[in-house]
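Protein chains in written order, with the working numbering: chain A, 102 to 191; chain B, 102 to 191; chain C, 102 to 191; chain D, 102 to 191; chain E, 102 to 191. Some notes on the structure that comes next.
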Amino acid sequence: MVLGKVVGTVVSAQKDKSFAGKKLLIVKAIDLDGKLLDPFVVAVDTVGVGTGETVLVVNGSSARMTEETKDKSIDSVIVARVDSIQVEAQ
Amino acid sequence: MVLGKVVGTVVSAQKDKSFAGKKLLIVKAIDLDGKLLDPFVVAVDTVGVGTGETVLVVNGSSARMTEETKDKSIDSVIVARVDSIQVEAQ
Amino acid sequence: MVLGKVVGTVVSAQKDKSFAGKKLLIVKAIDLDGKLLDPFVVAVDTVGVGTGETVLVVNGSSARMTEETKDKSIDSVIVARVDSIQVEAQ
Amino acid sequence: MVLGKVVGTVVSAQKDKSFAGKKLLIVKAIDLDGKLLDPFVVAVDTVGVGTGETVLVVNGSSARMTEETKDKSIDSVIVARVDSIQVEAQ
Amino acid sequence: MVLGKVVGTVVSAQKDKSFAGKKLLIVKAIDLDGKLLDPFVVAVDTVGVGTGETVLVVNGSSARMTEETKDKSIDSVIVARVDSIQVEAQ
Chain A
102 MVLGKVVGTV VSAQKDKSFA GKKLLIVKAI DLDGKLLDPF VVAVDTVGVG TGETVLVVNG
162 SSARMTEETK DKSIDSVIVA RVDSIQVEAQ
Chain B
102 MVLGKVVGTV VSAQKDKSFA GKKLLIVKAI DLDGKLLDPF VVAVDTVGVG TGETVLVVNG
162 SSARMTEETK DKSIDSVIVA RVDSIQVEAQ
Chain C
102 MVLGKVVGTV VSAQKDKSFA GKKLLIVKAI DLDGKLLDPF VVAVDTVGVG TGETVLVVNG
162 SSARMTEETK DKSIDSVIVA RVDSIQVEAQ
Chain D
102 MVLGKVVGTV VSAQKDKSFA GKKLLIVKAI DLDGKLLDPF VVAVDTVGVG TGETVLVVNG
162 SSARMTEETK DKSIDSVIVA RVDSIQVEAQ
Chain E
102 MVLGKVVGTV VSAQKDKSFA GKKLLIVKAI DLDGKLLDPF VVAVDTVGVG TGETVLVVNG
162 SSARMTEETK DKSIDSVIVA RVDSIQVEAQ
């Protein structure tokens, strides 16, 4: 899973029916200090998160293994709100 | 999903039968300011978009989950025309 | 799909049976001006292309969706010879 | 598989049910000298490893092929604790 | 498929049962001149190759399509020993 932060939303009226009723969030990758990195992905929210929250994103075929995304043409989904991360001194 | 902009088309006469009748568009990745980035992909259009439009692209096995691409040797498909994106100040 | 140019071939006698009788081509990624980039992949040819030709490559599980590659341990396949690309002024 | 080192943990209360009871570890990629690299992934632990240990991570659909991750929305899993690596002089 | 060279081995006692009896090799990517590049992967050997040999690696779900890796939590497998590559002047 990829660690990221929700920074925005995408609005689309004309889309494949897989996306009907789905909330599309923009998630930027972050490093282990929480700093925003350049790469980002547009992911379907299955957890109910908001902008500024830290999340886990699942990509690829596993993104179709939640109840809301089963068999859909979706390759990126938010599966968890992250409460905290612990990183040991390196 | 990847955010991108349609910048062109690909013409091919000799191709796998999965691609019969499919429209192949060149989609360049964009950043959150809409600036074109270098990476691009050739994607099948299932929405009906045109050059210059902002789109969402699904890659990998999920690209086979639309009606038009089911069980086909296609790994990249346009699933939505993007009307707008909202990004919060970072 | 990835846009590339065939630049060579790979010869292998000892290989998984999935590759029996398969032609293995080296395909370098190209940019939208046709310039060769560094990344390359070894792909199975299902179209009948030759060195110097521009092609589309499908990667991942969708590479197993052609008749010649069904259920095989192949993750990269040439699915089209590209006749032309049109890119609009950016 | 990707070679990495466990450097931390992720805590999440609100998550897809696929993750119920799963231990989420942060694994940083390492080079062949054991040096930590920047890329990292959050992976489900199926082996029972701890911080500081060297591990192998499986990504993508194969991450769903362990008993603990079958059919779950998980795309990254730790499948082995690495005891040693031998690299020949290059 | 990715072109690479076997540079070492990985030893692991505690691992998912998918890996029982499997030989784990470290394969570094090479360029078309045979020069070793930085990226590497740990792959299961299904061909019987040794250190220093040039190989083809299959990644992702197609890595589960050999007899030895069917339905296993393996995402990288060596499918061929490369005898030679021919690259045309560019």
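Beta carbons are placed, not taken as given, at the ideal position from N, Cα and C, and that holds for glycine. Model, not experiment: these values are computed from the prediction.
field: Three-state secondary structure (DSSP) of Ala-144 (chain B)
entry: strand
query: Grouping DSSP H, G and I as helix and E and B as strand, with all else coil, what is Ser-185 (chain E)?
result: strand
task: Show which residues of chain C have a CB atom less than 9 Å away from the CB atom of Leu-133 (chain E).
output: Val-108, Gly-109, Ile-127, Lys-129 and Phe-141
task: Mark Val-112 (chain E) as exposed unless 16 or more other C-beta atoms lie within 10 angstroms of its C-beta, in which case mark it buried.
output: exposed
task: For Val-150 (chain B), collect the residues of the same chain with a Cβ closer than 8 Å to its Cβ; drop the 5 residues on either side in sequence, then sort them by chain order.
output: Val-107, Leu-126, Val-156, Ile-179 and Arg-182
query: Are the C-beta of Arg-182 (chain A) and some C-beta of chain B separated by less than 8 Å?
result: no
task: Give a yes or no on whether the C-beta atoms belonging to Ala-114 (chain D) and Asp-132 (chain A) are separated by under 8 Å.
output: no
message: Given the structure, does Glu-189 (chain B) come close to the ligand ADP, in the sense that its CB is under 7 Å from one of the ligand's heavy atoms?
response: The ligand ADP is absent from the structure shown, which contains no ligands of any kind.
task: Verify the CB distance criterion: does Ile-186 (chain C) have a CB-CB separation below 8 Å to chain B?
output: yes
task: Measure from the alpha carbon of Lys-118 (chain A) to the alpha carbon of each residue in A:Val-188, A:Ala-190, A:Ile-175 and A:Ile-186, then state which is nearest.
output: A:Ile-175
query: Does the beta-carbon of Ala-164 (chain D) have 16 or more other beta-carbons within 10 angstroms, so that it is buried, or is it exposed?
result: buried
query: Is it buried or exposed for Leu-104 (chain B), if we count other Cβ within 10 angstroms and need 16 for buried?
result: buried
message: So the candidates are A:Lys-136, A:Thr-170 and A:Ala-121; which of them puts its Cα closest to the Cα of Val-128 (chain A)?
response: A:Lys-136
- request: Indicate the three-state DSSP secondary structure (helix, strand or coil) for Thr-119 (chain D) in the structure shown.
  value: Correcting the residue type first, residue 119 (chain D) is Ser in the shown sequence and not Thr. If DSSP states are grouped into helix, strand and coil, Ser-119 (chain D) belongs with the helices.
query: Just how far apart, CA to CA, sit Glu-169 (chain D) and Thr-147 (chain D)?
result: 7 Å
query: Would a check of beta-carbon distances place Lys-173 (chain A) closer than 8 Å to chain B?
result: yes
message: When you compare the CB of Gly-149 (chain D) with every CB in chain A, is at least one pair closer than 8 Å?
response: no
message: Which residues in chain E have a C-beta closer than 8 Å to the C-beta of Ala-164 (chain D)? List them in chain order.
response: Ser-174 and Asp-176
Cα-Cα separation, Gly-122 (chain D) to Glu-154 (chain E): 43 Å
field: Per DSSP, the bridge partner or partners of Ala-130 (chain C)
entry: C:Gly-105
query: What does Val-112 (chain E) touch in chain D if you count any residue whose Cβ is under 8 Å from its own?
result: Val-183, Asp-184, Ser-185, Ile-186 and Gln-187
task: Could you list which residues in chain D have their beta carbon closer than 7 Å to that of Leu-104 (chain A), in chain order?
output: Val-143
message: Beta-carbon within less than 6 Å of Gly-109 (chain E)'s beta-carbon, same chain only, minus the 5 sequence neighbours each way: which residues are those?
response: Ile-127
message: Which of the three DSSP states is assigned to Ser-177 (chain C) in this structure?
response: strand
field: Identity of the residue in D:Asp-134, D:Asp-139 and D:Phe-141 nearest Ile-186 (chain D) by Cα
entry: D:Asp-134
- request: Would you please state the rounded distance, in angstroms, between the beta carbons of Ser-162 (chain C) and Ser-162 (chain E)? I believe it to be under 8 Å.
  value: 5 Å
Met-102 (chain A) beta carbon less than 8 Å from that of Asp-172 (chain D): no
- prompt: CB-CB under 7 Å to Val-159 (chain C), same chain, minus the five flanking residues each way: which ones, in chain order?
  reply: Met-102, Val-178 and Val-180
Residue of B:Lys-116, B:Val-143 and B:Val-188 minimising C-alpha distance to Ala-130 (chain B): B:Val-143
- prompt: Using a C-beta cutoff of 8 Å, does Gly-122 (chain C) count as contacting chain B?
  reply: no
task: Sort B:Thr-152, B:Val-145 and B:Leu-138 by Cα distance to Phe-120 (chain B) and report the nearest one.
output: B:Val-145
message: With a threshold of 8 Å between beta-carbons, can Lys-136 (chain B) be considered close to chain C, or not?
response: no
message: Could you compute how far the alpha carbon of Pro-140 (chain A) sits from the alpha carbon of Phe-141 (chain E)?
response: 22 Å
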